[in-house]
Amino acid sequence: MQPLSGQATEGVRGLEASLARWRKAHGWTVSDEARDRLSVHWAGSQRLVADISLWQDGPCHEAVPLEFLFPGLSDVDEQSFGNAFKEEIENCLRERNQEEFRSQLKKRQQAANLRRRPQASSAGREDSEGGDEREDSWRDYLRRPAIESQVKVLVVTDSGNRARKVFACRVTLGPDAADELGRMAFRNLFDPDREEPVKWQEDPFLFCFYGCFCIIAVVFILWAVLFFGALSRHAKEKTHMSL
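The sequence shown begins at 0 in numbering that gives the first Met the number 0 and counts up one residue at a time.
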């Protein structure tokens, strides 16, 4: 048996790493972005993905097997639905690649602006160094091979019950493509370093929390003013009565 070449060894490691990340994602909630962008227009409406997980019994020697669940479907032409879903995955990955290119290009343009700034101050030198780092990041991005989806739809089947129809679309993807879908569906697991913190005013929960806290604080202050005002008046009345 011949030993694996360096490129083949790297490919095996990439596959194993992708499989490990998808195993870790089991049970996590799929992001709204993934639900929307992987939806399939079928029978006059958009069918959203309810869950994405590693296909446990799927072939994992050369690709990453994934299972996508679509609830509420019935009387589906399996081949037609599989082809439609494959097209959605390919379109989604293509759009993600284009968005990544635009993002990297914007960072490079910002880096060029930083390098053109005067470097007399320490802040200017720090900006210049940051511009150099972004330029290096741009070069690394250009050297990266394009992501090939390698999508293969293997099984489209009804995995629900009599009460609720759920169709499972089981596919295999290349490790890079599977990781890209993972970054979209489970950003905190697949790319935690690049996850941007959500501002409190953009987080619905925190916005409601701080809003309610402010309202309660205002009500408490008003109550305290009225309460102590009443106590003060009562004390003055008692003083006058005693005199």
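Where is the CB? At the ideal position from N, CA and C, for every residue including glycine.
Query, Result
"Are three or more beta carbon pairs between the segment 173-188 and the segment 17-32 nearer than 8 Å?", "yes"
"What does the Cβ neighbour count give for W222, buried or exposed, with the cut at 16 atoms within 10 Å?", "exposed"
"Is it buried or exposed for A122, if we count other Cβ within 10 angstroms and need 16 for buried?", "Reliability fails at A122, whose pLDDT of 49 lies under 50, so the model's placement of it is uncertain and the value that follows must be treated cautiously. Exposed is the call here."
"If you follow the alpha helix (DSSP H) that R186 is part of, which residue opens it and which one closes it?", "186-189"
"What is the DSSP secondary structure of Q60, reduced to helix, strand or coil?", "In the sequence on display, residue 60 carries His and not Gln. Of the three classes helix, strand and coil, the one that applies to H60 here is coil, per DSSP."
"With 16 as the cutoff for other CB atoms within 10 Å, does G43 come out buried or exposed?", "exposed"
"Tell me D157's beta-bridge partners as DSSP assigns them.", "F166"
"Does the Cβ-Cβ distance between F244 and V155 come in under 8 Å?", "This structure gives no information on residue 244, because the portion of the chain shown stretches from 0 to 242."
"Identify, in the order they occur along the chain, each residue of the same chain with its Cβ nearer than 8 Å to the Cβ of W21, setting aside the five sequence neighbours on each side.", "S52, L53, V63, L65, A177, G181"
"Can you tell me which of Q97, K164, S102 puts its alpha carbon nearest to the alpha carbon of S136?", "S102"
"Below 8 Å, can you find three or more Cβ-Cβ pairs linking the segment 28-47 to the segment 85-92?", "yes"
"Which whole-angstrom value describes the C-beta separation of E179 and R95, a residue pair presumed to lie in contact below a C-beta threshold of 8 Å?", "6 Å"
"Quickly, what does DSSP pair E66 with across the bridge? List them, please.", "S52, R169"
"Going by beta-carbon coordinates alone, are F84 and V152 separated by less than 8 Å?", "yes"
"When the Cα atoms are used, what is the spatial distance from A24 to F185?", "7 Å"
"Can you give the beta carbon distance from V29 to D50, rounded, assuming they're within the 8 Å contact cut?", "6 Å"
"Can you say whether P196 is buried or exposed, counting buried as having 16 or more other CB atoms within 10 angstroms of its CB?", "Its pLDDT being 44, under 50, P196 is placed unreliably by the model, and nothing is read from it."
"Under 8 Å between the Cβ atoms of G71 and K164?", "yes"
"Taking 8 Å as the threshold (C-beta atoms), are R133 and Q109 in contact?", "yes"
"Can you name the start and end residues of the beta strand (DSSP E) that R46 belongs to?", "44-46"
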